[in-house]
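*Asks:*
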Amino acid sequence: LYYQVLNFAMIVSSALMIWKGLIVVTGSESPIVVVLSGSMEPAFHRGDLLFLTNFHDDPIRAGEIVVFKVEGRDIPIVHRVIKIHEKENGNIKFLTKGDNNEVDDRGLYKEGQNWLEKKDVVGRARGFLPYVGMVTIIMNDYPKFK
Amino acid sequence: RKNVEDFTGPRERSDLGFVTFDITADILNGKNDFCSIFDWNVKQLFLYLSAEYSTKNNALNQVVLWDKIMLRGDNPRLFLKDMKSKYFFFDDGNGLKGNRNVTLTLSWNVVPNAGILPLVTGSGHVSVPFPDTYETTKSY
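Chains A and B, in that order, give the protein sequences. full-length UniProt numbering applies: residue 1 is where the first sequence begins, and numbers increase by one. full-length UniProt numbering applies: residue 1 is where the second sequence begins, and numbers increase by one.
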């Protein structure tokens, strides 16, 4: 039994190390996210998995798909950048919109907030796998399943 | 171009640009080879036309004026004439007036069935100079 417990602990800590390593390597606090809504259809659907990077020197440009969090909220949103205004010193403010939405995201931002900034970005979508994230959504919708 | 209150967001008066454009993408035999982009792992292309320019306020501005989703299987030819921009072209300030160096570029995001999401910029681009004065009336 002792051996089994030790084995299990090894597996868990290896997984943790890999996850932490991913966070460091990608520069993102959350390098893998699950798509939660249909606002980016038909590109991404609920349950798809996205791989993110968040390198500090990577500029934010129009057309990129970013994952951001609105100040004060925990839910990551995956949308496309449609407008950027960048100052010479690198300060940038930008606007996002879901491909499948009629209007831009200003309704989603904080009260009075009209633009997003670099600090709101969790990462940039670099790759994706369909369906794989469904497990997380099912667990969230049916907590008993957990 | 008008100087109008940016009613989509910030409440200051900003320049609003009006642009009409043509897009020709001759896929079957041209440099715009959309057919070869649509391989087995490409689910769709997200095409967008963006305007890029500099102003006194901001060293770099990019505004997406128009976009289109092209699914695998859709007609890969684009013959669009006299298109109006889909989204309002508001500047962050008054930087469009007299701006001679506004460049329009067509780019696309390749969305695979699974895998990497590349962003590609087309090789052609067009310069759109904005006039020095504002329009007072114009039906859009």
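For each residue, glycine too, the CB sits at the ideal point set by N, CA and C.
For the region 110 to 135 of chain A, enumerate the residues whose C-beta is nearer than 7 Å to any C-beta of chain B, in chain order.
*Replies:* Residues passing the 7 Å Cβ filter: N114, A125, R126, G127, F128, L129 and P130.
*Asks:* In whole angstroms, what is the alpha-carbon distance linking B:I27 and B:P76?
*Replies:* In this predicted model, B:I27 has a pLDDT of only 39, less than 50, meaning its place in the structure is not dependable enough to derive any value.
*Asks:* Note down, in chain order, every chain B residue with its Cβ under 9 Å from the Cβ of A:G63.
*Replies:* Here the neighbours are F46, Y48, S50, Q62, V64, D67, S107, W108, N109, L119 and T121.
*Asks:* Mind listing the chain A neighbours of B:D74? Cutoff is C-beta to C-beta under 7 Å, in chain order.
*Replies:* Within chain A, no residue comes near B:D74; the closest Cβ sits about 11 Å away, beyond 7 Å.
*Asks:* Kindly indicate which three-state DSSP category A:T136 falls into: helix, strand or coil?
*Replies:* Note: A:T136 maps to helix in three-state DSSP.
*Asks:* Going by DSSP in three states, residue 182 of chain A sits in which element: helix, strand or coil?
*Replies:* Examination of residue 182 of chain A is not possible in this model, given that chain A is present from 1 through 146 alone.
*Asks:* Taking 8 Å as the threshold, find out whether the region 117 to 136 of chain A comes into contact with the region 41 to 48 of chain A through three or more Cβ pairs.
*Replies:* Counting Cβ pairs under 8 Å, three or more are found: they touch.
*Asks:* What are the boundary residues of the beta strand (DSSP E) that A:F51 is part of?
*Replies:* Note, A:F51: beta strand (DSSP E), L49 to T53.
*Asks:* By the three-class DSSP mapping on this structure, what secondary structure does A:A9 have?
*Replies:* Residue state, collapsed to three classes: helix.
*Asks:* Quick check on A:F8: buried or exposed, where buried means 16 or more other Cβ atoms within 10 Å of its Cβ?
*Replies:* So A:F8 counts as exposed.
*Asks:* Could you tell me which residues DSSP puts in a beta bridge with A:N89?
*Replies:* Beta-bridge pairing links A:N89 to no other residue.
*Asks:* Are A:V78 and A:V67 closer than 7 Å when you measure CB to CB?
*Replies:* It is a contact, given that the beta carbons lie within the stated cut-off.
*Asks:* So that I know if they touch, is there some Cβ in chain B lying closer than 7 Å to that of A:E102?
*Replies:* No, A:E102 does not count as interfacial toward chain B.
*Asks:* Got a sec, what are the start and stop residues for the beta strand (DSSP E) A:V70 sits in?
*Replies:* From DSSP, A:V70 is part of no beta strand (DSSP E); its letter is neither H nor E.
*Asks:* Can you give me the C-alpha to C-alpha distance between B:F89 and A:S13, rounded to a whole angstrom?
*Replies:* Approximately 51 Å, taken between the alpha carbons.
*Asks:* Do you know whose CA, among B:S54, B:N101, B:N41 and B:A59, lies nearest A:E88's CA?
*Replies:* Considering only alpha carbons, the answer is B:A59.
*Asks:* Going straight from the alpha carbon of B:F38 to that of B:S107, what length do you get?
*Replies:* Rounded to whole angstroms, B:F38 to B:S107 spans 15 Å at the Cα level.
*Asks:* Any beta carbon of chain B sitting closer than 7 Å to that of A:H79?
*Replies:* With 7 Å as the cut-off, A:H79 does not count as an interface residue toward chain B.
*Asks:* According to DSSP, which residues form a beta bridge with B:Y53?
*Replies:* In DSSP, B:Y53 forms a bridge with B:N61.
*Asks:* How close, in whole Å, do the beta carbons of A:D99 and B:I116 come, if the pair is a contact with beta carbons under 8 Å?
*Replies:* Going by Cβ atoms, the distance from A:D99 to B:I116 rounds to 18 Å, so no, they are not a contact pair.
*Asks:* Count the other C-beta atoms from every protein chain shown that fall within 10 angstroms of the C-beta of A:V103, then say buried if there are 16 or more, exposed otherwise.
*Replies:* By the 10 Å Cβ count, A:V103 comes out exposed.
*Asks:* Compute the beta-carbon to beta-carbon distance between B:G53 and B:N99, rounded to the nearest angstrom, for a pair I have assumed lies under 8 Å.
*Replies:* What sits at residue 53 of chain B in the sequence shown is Tyr, not Gly. About 6 Å; that satisfies the 8 Å criterion.
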